[in-house]
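These notes are about the structure you will find just below.
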Amino acid sequence: MGETPHRSADAGTGGTRVTESHERPAGASARLAEAPVSTRAPGSTGLGGGGALPRARRFGAERAFRGVTLAAGTAVLVIIAAIAVFLVAKAVPALRANTESFWSFEGWFPNDAQPKFGIGALAFGTVLTAALALLVAVPIALGIALYLSHYAPRRVGTTLGFLIDLLAAVPSVVFGLWGREIFLKPVQDFSVWLNKYFSWLPIFGGDGPFGKSILLGSLVLAIMVLPIITSLSREVFLQTPTANEEAALALGATRWEMLRTAVLPYGRPGIIAAVMLGLGRALGETIALAMTLGITFNISFNLIENGGNSIAANIANTFGEANETGRGALIASGLVLFAITLIVNITARVIIYRRREFTESAA
Numbered sequence: 001m002g003e004t005p006h007r008s009a010d011a012g013t014g015g016t017r018v019t020e021s022h023e024r025p026a027g028a029s030a031r032l033a034e035a036p037v038s039t040r041a042p043g044s045t046g047l048g049g050g051g052a053l054p055r056a057r058r059f060g061a062e063r064a065f066r067g068v069t070l071a072a073g074t075a076v077l078v079i080i081a082a083i084a085v086f087l088v089a090k091a092v093p094a095l096r097a098n099t100e101s102f103w104s105f106e107g108w109f110p111n112d113a114q115p116k117f118g119i120g121a122l123a124f125g126t127v128l129t130a131a132l133a134l135l136v137a138v139p140i141a142l143g144i145a146l147y148l149s150h151y152a153p154r155r156v157g158t159t160l161g162f163l164i165d166l167l168a169a170v171p172s173v174v175f176g177l178w179g180r181e182i183f184l185k186p187v188q189d190f191s192v193w194l195n196k197y198f199s200w201l202p203i204f205g206g207d208g209p210f211g212k213s214i215l216l217g218s219l220v221l222a223i224m225v226l227p228i229i230t231s232l233s234r235e236v237f238l239q240t241p242t243a244n245e246e247a248a249l250a251l252g253a254t255r256w257e258m259l260r261t262a263v264l265p266y267g268r269p270g271i272i273a274a275v276m277l278g279l280g281r282a283l284g285e286t287i288a289l290a291m292t293l294g295i296t297f298n299i300s301f302n303l304i305e306n307g308g309n310s311i312a313a314n315i316a317n318t319f320g321e322a323n324e325t326g327r328g329a330l331i332a333s334g335l336v337l338f339a340i341t342l343i344v345n346i347t348a349r350v351i352i353y354r355r356r357e358f359t360e361s362a363a
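Residue numbers (the UniProt record's numbering): 1 to 363.
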């Protein structure tokens with residue numbers, strides 16, 4: 001019988017070539033690894049592998065992209081800070097000239113010889129109309145989103161989703177004109193009915209007139225924010241893992257129980273983000289509310305009597321006739337609206353972050 005050939009270290013081809021590690025005597029690899037770098041062969045690592053990894057380029061595409069994104073994020077913060085500085089600088093002279101309490105006075109007379117104006121009624125109307133709009137829009141938007149994502153046939157869901165997205169592209173002035181010319185009469189009749197049967201509630205009391213009210217403005221605003229919340233919620237629901245849904249159905253859950261236990265908990269951070277985005281749109285809406293509110297300067301919880309106002313609507317209605325102090329007063333009100341929107345967005349981010357932290361810790 002002939003001698004058995006030594007196998008190569010390669011893919012077991014059975015060749016007779018002896019590898020470098022087999023040619024060296026025992027212990028040679030260890031001695032070579034311990035040898036100083038200067039005594040090793042050029043390009044050798046001492047362990048039989050390839051050479052060292054190539055050095056990263058000092059100015060490569062990755063560094064350039066990182067710099068661009070850093071500059072973009074910094075620019076956003078700089079712009080926000082610049083807006084805040086501008087608002088403060090323009091508002092301070094008017095606030096110093098104000099002869100009434102800026103926070104509690106229910107009136108707006110900054111053009112008088114003795115300027116007097118307050119933000120209390122405007123801030124109250126802004127928050128009230130936005131809250132009522134969300135109260136109406138959020139349940140409807142979530143119901144539509146669930147239907148489009150889990151109930152409707154694919155073709156129907158795609159078509160209806162496209163139409164809802166088109167609704168978000170309608171200009172706000174069109175909504176305002178429609179609300180004042182077309183929607184006013186149905187809301188007025190509805191207000192009379194509410195006053196007739198529910199006048200014992202302060203929000204539906206009063207002796208009229210009814211029409212251009214908080215109720216009308218809030219309903220128009222709800223229609224405006226509806227497509228935003230619906231579109232975002234639908235996309236979030238579609239991202240629910242199929243395994244979660246199938247697991248719930250396999251355990252005997254009905255379609256609604258599957259949605260309640262698998263889809264809604266998974267999409268809760270996205271729902272919160274969609275609602276807060278809609279709230280931001282509602283707080284800053286201008287023309288539609290300027291056309292549908294009664295434009296008064298008093299704090300009242302009555303929803304159906306003529307009245308109501310908001311910060312943005314007041315700016316749109318009075319900026320053209322304002323003098324220097326009046327423009328400063330309007331800028332001061334814009335500063336308050338700026339602060340409210342910042343607080344809303346920061347609160348949303350905190351809620352989403354805490355929810356994600358809780359989910360990750362539970363996992």
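Cβ atoms here follow ideal geometry from the backbone N, Cα and C, with glycine treated the same way.
DSSP has residue i in a bridge; who is on the other side?
{"i": "Glu305", "result": "Phe210"}
{"i": "Trp256", "result": "None, per the DSSP bridge assignment."}
{"i": "residue 395", "result": "No answer is possible for residue 395: the residues shown for the chain start at 1 and end at 363."}
Can you find the residues in the same chain that come closer than 6 Å, C-beta to C-beta, to residue i, ignoring five residues on each side of it along the sequence?
{"i": "Val350", "result": "none"}
{"i": "Leu167", "result": "Pro227"}
{"i": "Pro93", "result": "Gly328"}
{"i": "Leu70", "result": "none"}
Would residue i pass as a contact of residue j if the rule is Cβ separation under 7 Å?
{"i": "Leu122", "j": "Asn309", "result": "yes"}
{"i": "Glu246", "j": "Ala262", "result": "no"}
{"i": "Ser213", "j": "Ala288", "result": "no"}
{"i": "Ala316", "j": "Ala282", "result": "no"}
{"i": "Ile229", "j": "Ala313", "result": "no"}
{"i": "Val344", "j": "Gly278", "result": "no"}
{"i": "Ile304", "j": "Phe204", "result": "yes"}
{"i": "Gly294", "j": "Asn306", "result": "yes"}
{"i": "Ala222", "j": "Ala133", "result": "yes"}
{"i": "Thr325", "j": "Pro186", "result": "no"}
{"i": "Ser231", "j": "Asp165", "result": "yes"}
{"i": "Asn98", "j": "Asn323", "result": "no"}
{"i": "Thr318", "j": "Arg180", "result": "no"}
{"i": "Leu249", "j": "Met258", "result": "yes"}
By DSSP, does residue i sit in helix, in strand, or in coil?
{"i": "Leu293", "result": "coil"}
{"i": "Asp227", "result": "Per the sequence shown, the amino acid found at residue 227 is Pro instead of Asp. Helix."}
{"i": "Ile182", "result": "coil"}
{"i": "Thr99", "result": "coil"}
{"i": "Thr240", "result": "coil"}
{"i": "Ala130", "result": "helix"}
{"i": "Phe319", "result": "coil"}
{"i": "Trp193", "result": "helix"}
{"i": "residue 365", "result": "Within the shown structure, residues of the chain are numbered from 1 to 363, placing residue 365 beyond reach of any answer."}
{"i": "Ser38", "result": "Its pLDDT being 47, under 50, Ser38 is placed unreliably by the model, and nothing is read from it."}
{"i": "Ser172", "result": "helix"}
{"i": "Ile299", "result": "coil"}
{"i": "Ser233", "result": "helix"}
{"i": "Pro269", "result": "helix"}
{"i": "Gly60", "result": "coil"}
{"i": "Ala152", "result": "coil"}
{"i": "Leu122", "result": "helix"}
{"i": "Thr74", "result": "helix"}
{"i": "Glu245", "result": "helix"}
{"i": "Leu135", "result": "helix"}
{"i": "Leu251", "result": "coil"}
{"i": "Ser104", "result": "coil"}
{"i": "Glu285", "result": "coil"}
{"i": "residue 365", "result": "The structure shown does not extend to residue 365, since the chain is modelled only from 1 through 363, so no value can be given for it."}
{"i": "Ala33", "result": "Model confidence at Ala33 stands at a pLDDT of 45, short of 50, so the residue's coordinates are unreliable and nothing is read from them."}
{"i": "Ser310", "result": "coil"}
I'd like the list of long-range same chain contacts for residue i, defined as Cβ closer than 7 Å, with 5 residues on each side in sequence excluded.
{"i": "Trp103", "result": "Gly118, Ile119, Gly120"}
{"i": "Leu95", "result": "Phe102, Ala332"}
{"i": "Val88", "result": "Leu335"}
{"i": "Val192", "result": "Phe210"}
{"i": "Gly27", "result": "Low local confidence applies: a pLDDT of 48 at Gly27 is under 50, so the model's placement there is unreliable, with the coordinate-based value given in what follows. Result list for Gly27: empty, nothing under 7 Å."}
{"i": "Lys90", "result": "Gly328, Ile331"}
Can you name, in chain order, every residue of its own chain whose Cβ lies under 8 Å from the Cβ of residue i, other than the five neighbours on each side?
{"i": "Thr347", "result": "Met276"}
{"i": "Gly284", "result": "Ala312, Leu337, Thr341"}
{"i": "Ala30", "result": "Caution is warranted here: a pLDDT of 46 is assigned to Ala30, below 50, making its placement in the model unreliable, and the coordinate value is therefore given only provisionally. Result list for Ala30: empty, nothing under 8 Å."}
{"i": "Ala152", "result": "Leu160"}
{"i": "Ile83", "result": "Phe338"}
{"i": "Gly267", "result": "Ser233, Val236, Phe237, Gln239, Thr240"}
{"i": "Ile352", "result": "Pro269, Ile272, Ala273"}
{"i": "Gly176", "result": "Val220, Ile287, Ala288, Leu289, Ala290, Met291, Thr292"}
- Task: Would you check if there are 3 or more beta carbon pairs closer than 8 Å linking the segment 326–336 to the segment 138–158?
- Result: Counting C-beta pairs with one atom in each stretch, the segment 326–336 and the segment 138–158 have fewer than three that are closer than 8 Å, which means they do not touch.
- the segment 155–163 in contact with the segment 204–222 per 3-pair CB rule at 8 Å: Cβ pair count under 8 Å is below three, so no.
- Query: Should the segment 263–275 be regarded as contacting the segment 235–243, the criterion being three or more beta carbon pairs within less than 8 Å?
  - Reply: In this structure the segment 263–275 touches the segment 235–243; the number of beta carbon pairs closer than 8 Å is three or more.
- Query: Do the segment 123–143 and the segment 197–213 meet, that is, are 3 or more Cβ pairs less than 8 Å apart?
  - Reply: Cβ pair count under 8 Å is below three, so no.
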